[in-house]
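Reviewing the structure listed below.
Protein chains: 10
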Amino acid sequence: MLYLVRMDVKIPHDLPADVAAEIKAREKAYSQQLQHDGRWPHIWRVVGEYANYSVFDVASNDELHELLQGLPLFPYMDIQVTPLARHPSAIA
Amino acid sequence: MLYLVRMDVKIPHDLPADVAAEIKAREKAYSQQLQHDGRWPHIWRVVGEYANYSVFDVASNDELHELLQGLPLFPYMDIQVTPLARHPSAIA
Amino acid sequence: MLYLVRMDVKIPHDLPADVAAEIKAREKAYSQQLQHDGRWPHIWRVVGEYANYSVFDVASNDELHELLQGLPLFPYMDIQVTPLARHPSAIA
Amino acid sequence: MLYLVRMDVKIPHDLPADVAAEIKAREKAYSQQLQHDGRWPHIWRVVGEYANYSVFDVASNDELHELLQGLPLFPYMDIQVTPLARHPSAIA
Amino acid sequence: MLYLVRMDVKIPHDLPADVAAEIKAREKAYSQQLQHDGRWPHIWRVVGEYANYSVFDVASNDELHELLQGLPLFPYMDIQVTPLARHPSAIA
Amino acid sequence: MLYLVRMDVKIPHDLPADVAAEIKAREKAYSQQLQHDGRWPHIWRVVGEYANYSVFDVASNDELHELLQGLPLFPYMDIQVTPLARHPSAIA
Amino acid sequence: MLYLVRMDVKIPHDLPADVAAEIKAREKAYSQQLQHDGRWPHIWRVVGEYANYSVFDVASNDELHELLQGLPLFPYMDIQVTPLARHPSAIA
Amino acid sequence: MLYLVRMDVKIPHDLPADVAAEIKAREKAYSQQLQHDGRWPHIWRVVGEYANYSVFDVASNDELHELLQGLPLFPYMDIQVTPLARHPSAIA
Amino acid sequence: MLYLVRMDVKIPHDLPADVAAEIKAREKAYSQQLQHDGRWPHIWRVVGEYANYSVFDVASNDELHELLQGLPLFPYMDIQVTPLARHPSAIA
Amino acid sequence: MLYLVRMDVKIPHDLPADVAAEIKAREKAYSQQLQHDGRWPHIWRVVGEYANYSVFDVASNDELHELLQGLPLFPYMDIQVTPLARHPSAIA
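This is the structure in structure tokens:
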């Protein structure tokens with residue numbers, strides 16, 4: 001089951017640089033693990049913004065919320081979720 | 001080069017049903033041809049709305065505009081284009 | 001799996017009264033059938049507006065879209081879907 | 001009498017972690033007491049957001065305001081209230 | 001129980017003048033009856049707009065919706081309802 | 001001459017509690033004095049929000065601005081003013 | 001007493017050209033009469049739009065509403081009124 | 001003196017095709033004449049939309065309004081004007 | 001050449017009072033000098049807000065930007081500029 | 001390939017003045033280098049705002065993102081990117 005997710009990262013300017021770096025490193029590892037196991041099939045950078053559009057493939061709303069809430073950057077992001085359905089013109 | 005495109009279809013209520021049906025049939029054929037040749041890799045229905053999120057893979061802004069302007073439903077859609085870049089955490 | 005759905009009805013003023021009445025009658029029957037089978041557990045009127053907030057309980061995004069697209073009033077409504085998850089403080 | 005309430009939690013980043021934890025614990029207890037006595041029949045997490053949609057069942061606008069203002073997280077939330085009425089198609 | 005209600009009137013330009021006049025006459029009578037029985041204590045014109053801010057005093061959300069839905073101009077208005085509570089600084 | 005005024009209070013979280021309390025006490029006294037002399041005939045709490053809708057009855061735009069600017073909470077509020085006129089359907 | 005007023009003209013495309021011309025001629029005469037008697041001291045065109053910003057100088061909210069409601073183009077305009085007060089830095 | 005101008009074209013669906021074609025032909029000629037005389041140095045299509053961003057180089061606000069108001073498509077466009085100034089980092 | 005300018009002042013709460021007072025004193029002197037030399041013909045307070053609407057009369061976009069950027073409060077204001085043109089109904 | 005880019009600079013008030021000055025100096029050098037090599041053909045100041053509209057000429061979405069992310073002011077700016085295509089009426 002697919003969802004389009006937009007994440008806007010807003011790290012406060014007074015967060016110490018090393019704390020921010022450590023969070024980002026964990027975020028990257030977390031994201032790549034989910035990409036490898038197939039639940040985060042797409043992640044794209046929005047040109048010019050500290051933001052991404054992603055597609056998630058999970059079994060339920062609850063699973064998606066758990067994944068997103070577990071993101072190390074979760075406290076510093078605005079997240080918007082759009083549930084997707086199969087399009088009647090899709091060939092795949 | 002990837003772009004996220006959202007299309008909201010707004011067919012006027014007084015458009016004759018057969019005209020609408022004919023346009024939609026041409027739209028479907030047009031979309032499937034672009035999906036087959038690889039330039040329209042993803043099309044998803046937005047749940048609950050007469051709208052889709054799509055990903056296009058084209059060589060330039062001009063090529064994307066030409067494709068979108070050629071959509072049979074183009075005069076009846078609101079279209080919003082977001083250019084995408086490679087995300088540093090992407091594994092693919 | 002739960003979703004909060006807001007529907008705003010916008011019937012064009014030039015739709016003949018009997019056509020509108022017939023659509024609304026079919027809408028009511030359709031809604032009550034889904035309420036009876038448990039997939040539309042809540043429907044509330046928004047005070048002062050020709051609109052409702054509803055809760056749907058379905059197995060997937062696709063099933064929800066199919067139900068909503070089948071609403072007789074679908075062509076005359078703006079629909080907004082919010083996926084819901086279990087709240088950690090919920091007792092039920 | 002029912003109301004739909006959306007709460008968006010925005011805890012400032014410089015609030016000490018133990019203070020925040022203590023407030024959240026009191027919030028949970030407060031919420032569960034109102035769920036048990038029937039005045040807060042539904043609370044759902046909005047997927048991907050630190051927010052909830054809730055339904056309250058109270059005797060008056062004044063009672064609802066008193067309940068909401070008493071939330072331990074009240075100073076850190078944006079709250080939006082929508083009064084609900086019985087829907088003519090509702091079977092319950 | 002008080003509610004602030006804003007009504008924006010949007011009569012379509014192609015509604016025949018006599019039909020519009022008859023609806024407005026019924027609207028005025030309906031409004032004045034509710035003002036007389038105490039359920040519509042205030043109605044003010046918004047300067048420069050075909051709109052009003054009103055205060056309603058009713059026993060429940062359901063009663064308010066019934067009153068508003070019964071307005072002869074209801075199909076031609078955008079209505080926004082804000083539930084009000086007693087203010088702790090109010091002297092009355 | 002009447003005006004509808006909406007005030008949203010946004011006290012910064014780092015304002016010392018006793019300073020805030022002292023400002024609120026002065027705000028209450030200031031408001032009640034204006035209610036007593038008839039220039040602030042209505043003040044209602046917006047349900048669920050730290051906000052109020054008020055009606056002011058003053059002789060001019062300048063007098064209203066002077067009153068509002070004198071509010072002890074003025075530096076911590078977003079204020080929106082809507083000038084009101086007599087409604088042709090009003091009975092009072 | 002001064003007010004800033006923005007008017008956006010939206011004449012429907014199916015209004016016959018001669019009807020529109022007649023309304024605009026009456027609008028111009030009406031406006032110039034109010035300019036001459038001092039109650040409409042400023043009217044400026046918004047560059048690129050069929051809209052104007054105007055300043056009105058009247059004795060009350062009611063007088064302003066009466067003037068605006070009397071505009072021949074009133075049924076075809078969106079009007080927004082901002083009450084103005086004397087600025088403490090103004091030299092005039 | 002430079003201005004950035006965004007134009008969104010919204011031709012009503014019931015405008016006869018030959019009328020629309022004639023207007024568009026005049027629009028193109030009008031635009032190219034202004035491009036040739038240097039007052040409309042840039043015109044770009046917004047990808048995916050029936051809209052353009054343009055830069056105008058004129059002597060005054062009045063001259064710009066006159067040019068825009070003279071566009072054959074003026075009655076069918078939403079136009080937004082942003083005045084531009086020299087940027088301190090510009091090398092040209 | 002005229003421009004309508006709206007300025008919303010947002011002084012941070014942690015700016016020392018004497019610094020703020022000194023900036024406001026310089027702002028007032030700066031504004032009055034421009035009013036005296038005719039380039040800032042109107043300045044009005046927006047009722048209920050720490051904001052003003054002003055009219056500037058300058059020779060170019062560049063001159064206006066230089067004046068606005070020179071405002072002592074410039075770093076603490078949101079500024080919105082609307083270029084104005086002569087209105088065909090204006091008598092002056 | 002052209003893009004219109006709007007940048008709004010929002011430097012936090014508590015950033016030390018010399019740090020801000022150093023960042024701006026690097027920003028200017030960075031911008032001028034890209035102007036010289038042809039990839040940043042236009043940069044204009046938005047009148048009255050600490051913002052600019054720019055045109056970039058690059059080979060791909062990825063190249064544009066890399067350029068923008070490399071801006072010394074990038075952490076302190078809101079950036080909005082609009083992809084542009086050739087306009088059919090353009091003479092150049």
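Residue numbers (UniProt numbering), protein chains in the order written: chain A, 1 to 92; chain B, 1 to 92; chain C, 1 to 92; chain D, 1 to 92; chain E, 1 to 92; chain F, 1 to 92; chain G, 1 to 92; chain H, 1 to 92; chain I, 1 to 92; chain J, 1 to 92.
We treat Cβ as the ideally placed atom computed from N, Cα and C, and that holds for glycine.
Please read these numbers as outputs of a predicted model, since none were measured by experiment.
- Comparing alpha-carbon positions, the option among H/TYR53, H/ALA85, H/GLN35, H/GLY70 lying closest to I/GLU66 turns out to be H/ALA85.
- Residues ILE23, ARG26, GLU27, TYR30 of the same chain have their beta carbon placed closer than 7 Å to that of A/PRO72, with the five preceding and five following residues left out of the count.
- When Cβ pairs closer than 8 Å are counted between the two stretches, the stretch 3–21 of chain J is seen not to touch the stretch 33–41 of chain I, the count staying below three.
- Against chain H, a Cβ distance below 8 Å from J/LEU64 picks out nothing, because the smallest value is about 13 Å.
- Between A/LEU68 and chain D, the shortest Cβ-Cβ separation is below 9 Å.
- Inter-residue distance for I/ARG45 and I/VAL58 is about 21 Å (C-alpha atoms, whole angstroms).
- Distance check between I/TYR3 and each of I/ASP62, I/TYR50, I/ALA20, I/GLY48 places I/ASP62 closest, using alpha-carbon atoms only.
- Every beta strand (DSSP E) stretch that sits fully inside the UniProt domain "Muconolactone isomerase" (1–89) of chain G and reaches 3 residues is listed by chain position as 2–9, 42–46, 51–57, 77–86.
- Excluding the 5 residues flanking it on each side, F/MET77 has same chain C-beta neighbours closer than 8 Å at MET7, ASP8, VAL9, LYS10, LEU71, in chain order.
- Counting C-beta atoms within 10 angstroms of its own C-beta, D/HIS13 has fewer than 16 neighbours from the protein chains shown and is therefore classed as exposed.
- Listed along chain A are GLY48, each with a C-beta nearer than 8 Å to that of J/VAL5.
- Taking the Cα positions, D/ASP37 is about 32 Å away from E/ALA92.
- Each residue's CA atom was taken as its position, placing H/ARG39 and A/TYR50 some 37 Å apart.
- Under the 9 Å criterion on CB atoms, I/HIS42 is classed as non-interfacial with respect to chain F.
- Rounded to whole angstroms, the Cβ separation of E/SER60 and E/HIS42 is 19 Å, and the two are not in contact under 8 Å.
- A Cβ of chain A is located within less than 9 Å of the beta carbon of C/ALA85.
- Counting only Cβ-Cβ distances below 9 Å, C/VAL81 has contacts in chain B at VAL46, VAL47, GLY48, GLU49, in chain order.
- Closer than 9 Å to the CB of J/SER60 there is at least one CB belonging to chain B.
- Residues of chain J whose Cβ lies closer than 7 Å to the Cβ of A/HIS13 are, in chain order, PRO12.
- Taking 9 Å as the threshold, the shortest C-beta distance from J/LEU71 to chain H does not fall below it.
- At a Cβ-Cβ threshold of 9 Å, B/MET1 and B/PRO75 do not count as neighbours.
- Cβ-Cβ distances below 6 Å link H/GLN80 to ARG6 in the same chain, with the five nearest sequence neighbours on each side left out; the list follows chain order.
- Here F/VAL19 is exposed, its C-beta having fewer than 16 other C-beta atoms within 10 Å.
- Scanning chain E for C-beta atoms nearer than 8 Å to the C-beta of F/TYR76 yields nothing, as the closest lies near 15 Å away.
- Pairing I/VAL47 with F/LEU15 gives a Cβ-Cβ distance that is not under 9 Å.
- Taking C-beta separations shorter than 7 Å and ignoring five residues to either side along the sequence, the partners of C/ASN52 in its chain run MET7, ILE43, TRP44, ARG45, VAL46, following chain order.
- At a cut-off of 9 Å between beta-carbon atoms, A/LEU2 makes contact with chain C.
- Closer than 9 Å to the CB of I/GLU27 there is at least one CB belonging to chain G.
- Think of a sphere of 8 Å around the beta carbon of A/ILE91: the chain B residues whose beta carbon falls inside it are GLN32, GLN35, HIS36, in chain order.
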